[in-house]
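Each residue of the sequence shown is one higher than the one before, counting from 595 in this note's numbering. Just below is one structure, and these are the notes that go with it.
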Amino acid sequence: MRQLAYTVFIEYQVLPEQWEKFLSQVPVIRETTRSSAGILSHSFLTGSEQPFLVVEILQVADWNDYLRIRELREHGGCCEWESLIKGGRSGIRIWAFEPIVQQSSPT
């Protein structure tokens, strides 16, 4: 049985006037996310060409961890900081990806 890690991308645009407040909330966001699911790694990136665009990249070992993160971000109580995001909670986009595993054709 192979074990896959899933890579989760969470993307949103922070309101320019809320950027400093958002930065102060990053540790809270990280801890809230970590306490809700089995997180292997979690990083925050900002767009070099798109100011105030944020992409969180998370590694999770389990599909259910991804589902918990998605539920928390879309419907849960984690997002007191959602007022800092353009479009609020509906401005958050979430995707999960898994590695492409190369297999030889059966002979």
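Ideal Cβ positions, reconstructed from N, Cα and C, are used throughout, including at glycine. Since this is a predicted model, take the numbers as computed values, not measurements.
For residue 602, DSSP records a beta bridge to 652, 690. Between the alpha carbons of residue 650 and residue 617 lies a gap of roughly 13 Å.
Residue 688 has its alpha-carbon roughly 16 Å from the corresponding atom of residue 641. Ranked by Cα distance from residue 639, the first of 599, 652, 659, 685 is 652.
Excluding the 5 residues flanking it on each side, residue 619 has same chain C-beta neighbours closer than 6 Å at 675, in chain order. A check of alpha carbon separations from residue 680 across 654, 625, 648, 663 identifies 648 as the nearest. Rounded to the nearest whole angstrom, the C-alpha separation of residue 614 and residue 607 is 13 Å.
Distances from the CA of residue 612 to each of 601, 636, 635, 645 were compared; the closest alpha carbon is that of 645.
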